[in-house]
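Remarks on the structure that follows.
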Amino acid sequence: MKKTVATLLLLLAFFVRTAVAQTDKVSAQRAIPPWLTGIIAVVVFLFLVFIVFIVNKMWCEGTSVEEPAESNQGKPPDGAIQNGTSLEVVLHDMRDEGYDNICLEDDAKVTMTAM
Amino acid sequence: VGFLSVCPPTVAQAMPLCVYIHVIIESMIGCLVFQSMCRTNRGTVGGYFLAGRSMIWWPVGASLFASNIGSGHFVGLAGTGAANGIAVGGFEWNALFIVLLLGWVFVPVYLTAGVITMPQYLRKRFGGSRIRLYLSIISLFLYIFTKVSVDMFSGAVFIQQALGWNIYVAVIALLSITALYTVTGGLAALMYTDTVQTLVMIAGAFVLMGFSFNEVGGYDGLFDTYMQATPSLIESPRPEEYNISAQCYTPRPDAYNLLRSPITGDLPWPGVIFGIAVVGCWYWCSDQVIVQRCLAAKNLTHVKAGCILCGYLKLLPMFLMVFPGMISRVLYPDEVACVVPEKCEEICGTKVGCSNIAYPKLVVTLMPNGLRGMMLAVMLAALMSSLASIFNSSSTLFTMDIWTKIRPQARDRELMIVGRVWVLCIVAVSIAWIPVVQAAQSGQLFDYIQSVTSYLAPPIASVFLLAVFVKRVNEPGAFWGLIGGLLIGLARMIPEFTYGTGSCLFPSACPSIICGVHYLYFAIILFFITAVFVLIISYCTPEIEERHLHRLVFSLRNSKEPRDDLDAEEEEHMRKARREAAENGTIKSSSSPLRRCFSWFCGVDSSQAPEPTEEEMAAASKQLTDISEDPLWKNIVNANALVMMTVAVFLWAHYA
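Chain order of the listed sequences is A and B. For what it's worth, my numbering labels the leading residue of the first sequence as 1, then goes sequentially. For what it's worth, my numbering labels the leading residue of the second sequence as 1001, then goes sequentially.
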């Protein structure tokens, strides 16, 4: 989900940049030298990556704040199931781990996958 | 053996250096093949098809690049650059982003799914067997008739121009050498030799680029003189039949732009950015040749690092092939940019145009004698590495997807032998394809190939993308989406081929409602139409339950829960059949030394390991499907990817 957002953002960056490039060409051939166009594009790109990173961090922080509350509620039911299958408890633990992993993983990933 | 058939005996000075270079290259390749033969266990499926899952990042990256860049790139990129300017480099630079998509999104899913081939992944994801069969067949079709024929055609053009030799002799020799080390070595040998061949390709191409730029007066010299590179012969010899308009022989005014007008451009910029991304999605993310190399890596971090290396290497073709192509037009406008059909036929044997000889012409006329032999080595390296990869991957597809269906009781040894025999079959088909290549030597084969890919690949890319990201997509949706996409693609492809694509002087008679849409736009449209089909049909039919989808979709790639495989029944049936075959059959010990020698050479284990138990299978698959990463290296790799994207963005904007 976050990755698709990042991908869309990058595509949007391309779109914006090409539109800019096209109008530049039409108006004045040598008004902006190519290397400057390149630098402007890089700055815009890095800015967008930064924004996506911030958004992702805020989103992740939002869900992880709710996490401890959830797992606290989850604990007593686990204890209740204890006399039943221990397998379910193990699965519950792994599921929690799974959620954490996804968040952290996506967090680190988004620094570079704004594509 | 290779150098004798390839070093020109006529040019006395070229012989010694050419021979030395070839001896060095062939002995390096031989050493590597021998070493990998001794080292990796080629007798198992994992060992032969996936290099034992032991490759580190730089053979992975080099192999990705070498499998992708064939002689078709040298000839095609340079030729199109000569004719139309730098926009064709967009095909290469677009791949930088797609290759990151491969490493970060698709390969983790393929790894946790624990699959070897792409049809196998679709089978696990959707269940049923028709999608797998359809994909295997269409992939084999696309390999043989697009990748192999393009590379062979280009290699043939080069050999003809450079040496004036009989195509059959040269191509048969090439194919035999390639088949030999594919059949014996398996993927590990291929990936190590790809590394050597990448170095050879890049070194040689750099040398030629240096010479070309020197000749034309440097970087600025090229851009100052390209616009005036017109042939001297521009009058029609038969004005009553046809007139030659100026636009057919003058360079395009937007030749220096990567991004061109969406309506009048020959490569419109929405097509270049999104259309090539769609086709690239098929080529890099869902095609067996490329994905197999990523699956052979040690762990996910090595995959990602390999993808980044490949991305950086993909920056080079613009400078190594497109620019020299343009330089060739500046230096030899009468030959490369010829426009009168009779004159063109004289020069390169085809009436439509001679832009395909741009790169070979540079090699033949510009390079000093000794280096000419080296450039030939470069072209051979490109050709052989691509062909070998295609042979190996198609053999994987055939063995794992088609043969196991015909004979489920086939065990490792039989699969190995079948895989190797299939390579020989493909070589035979490729040799039989040479007359077609010659007949189509109208200079349009490269355009035909781009078109074929644009008409047939987008449905596959669409289905794969949806399969990985959208859990709701199910088997009927995917299958009917693929079939619908295929029909639409054929509806465009068949009329266009029957009418012919025409040329600047004699445009095609194809009605504009069919052929008017640019093939890159068509790729985008087809992609979205297929996606809509798939989604509509999926929502109208029952969904696949989540218990079947753990570790098969991107959102569930880290899930640790047990998965109810949709193909579990068939797998169990196959394992039972194999166990029965092992119990009933007698254990033959390879008695004769000749048999043992043959077995070792082909890498087939004479002693068949006993069929693993369920626990052993579970333990093995857990190790293979692990996608955890060391956090430090993960961050380093991610930072590198960001740097690479920044470089790509800069270059795109610079040349836009």
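All C-beta atoms, glycine included, are put in the ideal place defined by N, C-alpha and C.
- Counting C-beta pairs closer than 8 Å gives fewer than three between the region 1289-1299 of chain B and the region 1527-1546 of chain B, which falls short of the contact rule.
- Along the region 1298-1355 of chain B, the alpha helix (DSSP H) occurs as fully enclosed runs of 4 or more residues at 1300-1313, 1323-1331, 1333-1336, 1341-1348, listed in sequence order.
- The three-state secondary structure of residue 1055 of chain B, taken from DSSP, is strand.
- With respect to chain B, the C-beta atom of residue 35 of chain A has a partner C-beta closer than 9 Å.
- Contact between the region 1247-1256 of chain B and the region 1222-1230 of chain B is present, with at least three C-beta pairs closer than 8 Å.
- Contact check for residue 1566 of chain B against residue 1134 of chain B fails: the beta carbons are separated by 9 Å or more.
- Following the DSSP letters along the chain, one finds residue 1151 of chain B inside the alpha helix (DSSP H) bounded by residues 1149-1163.
- Non-local beta-carbon contacts of residue 1262 of chain B in its own chain, meaning distances under 7 Å to residues more than five positions away in sequence, involve 1268, 1269, 1270 in chain order.
- As DSSP reads the structure, residue 1262 of chain B sits in no beta bridge.
- Taken through DSSP and simplified to helix, strand or coil, residue 1368 of chain B comes out as coil.
- Looking at the DSSP output, residue 1268 of chain B shares a beta bridge with B/1260.
- Proximity of residue 31 of chain A to chain B, defined by a Cβ-Cβ separation below 9 Å, is not satisfied.
- Using a Cβ distance threshold of 9 Å, residue 42 of chain A and residue 1082 of chain B do not count as a contacting pair.
- For residue 1396 of chain B, no Cβ of chain A is located within less than 9 Å of the residue's own Cβ.
- In this structure, the CA atom of residue 1414 of chain B is about 14 Å from the CA atom of residue 1577 of chain B.
- Proximity of the region 1138-1155 of chain B to the region 1393-1407 of chain B meets the contact definition, three or more beta-carbon pairs being nearer than 8 Å.
- In this chain, the alpha helix (DSSP H) harbouring residue 1071 of chain B covers 1071-1084.
- The C-alpha of residue 1454 of chain B is placed about 17 Å away from the C-alpha of residue 1465 of chain B.
- Think of a sphere of 8 Å around the beta carbon of residue 48 of chain A: no beta carbon from chain B falls inside it, the nearest being about 10 Å out.
- Assigned with DSSP and collapsed to three states, residue 1507 of chain B falls in strand.
- At a cut-off of 9 Å, the C-beta of residue 42 of chain A has a neighbouring C-beta in chain B.
- In chain order, 1335, 1338, 1354 place their CB closer than 7 Å to the CB of residue 1347 of chain B, counting only its own chain and leaving out the 5 sequence neighbours on each side.
- The closest CA to that of residue 1505 of chain B, considering only B/1193, B/1235, B/1311, is found on B/1235.
- For the C-beta of residue 1319 of chain B, not a single chain A residue is nearer than 8 Å; the gap to the nearest is close to 15 Å.
- The three-state secondary structure of residue 1197 of chain B, taken from DSSP, is helix.
- Think of a sphere of 8 Å around the beta carbon of residue 53 of chain A: no beta carbon from chain B falls inside it, the nearest being about 10 Å out.
- Contact check for residue 1089 of chain B and residue 1318 of chain B: beta-carbon distance about 4 Å, within the 8 Å limit, so the pair qualifies.
- Boundaries of the alpha helix (DSSP H) harbouring residue 1120 of chain B: 1118-1126, taken from the DSSP string.
- If you check the CB distance, residue 38 of chain A and residue 1649 of chain B come in under 9 Å.
- Of all residues in the region 1515-1526 of chain B, none places a beta-carbon less than 8 Å from a beta-carbon of chain A.
- With respect to chain A, the C-beta atom of residue 1646 of chain B has a partner C-beta closer than 9 Å.
- By the neighbour-count criterion, in which 16 or more other beta carbons inside 10 Å mark a residue as buried, residue 1573 of chain B falls on the exposed side.
- Around the beta-carbon of residue 1371 of chain B, 16 or more other beta-carbon atoms lie within 10 Å, marking it buried.
- Boundaries of the alpha helix (DSSP H) harbouring residue 1478 of chain B: 1475-1499, taken from the DSSP string.
- Within the model, the alpha-carbon separation for residue 1376 of chain B versus residue 1280 of chain B is close to 29 Å.
- Straight-line spacing of the CA atoms in residue 1641 of chain B and residue 1537 of chain B works out to 37 Å.
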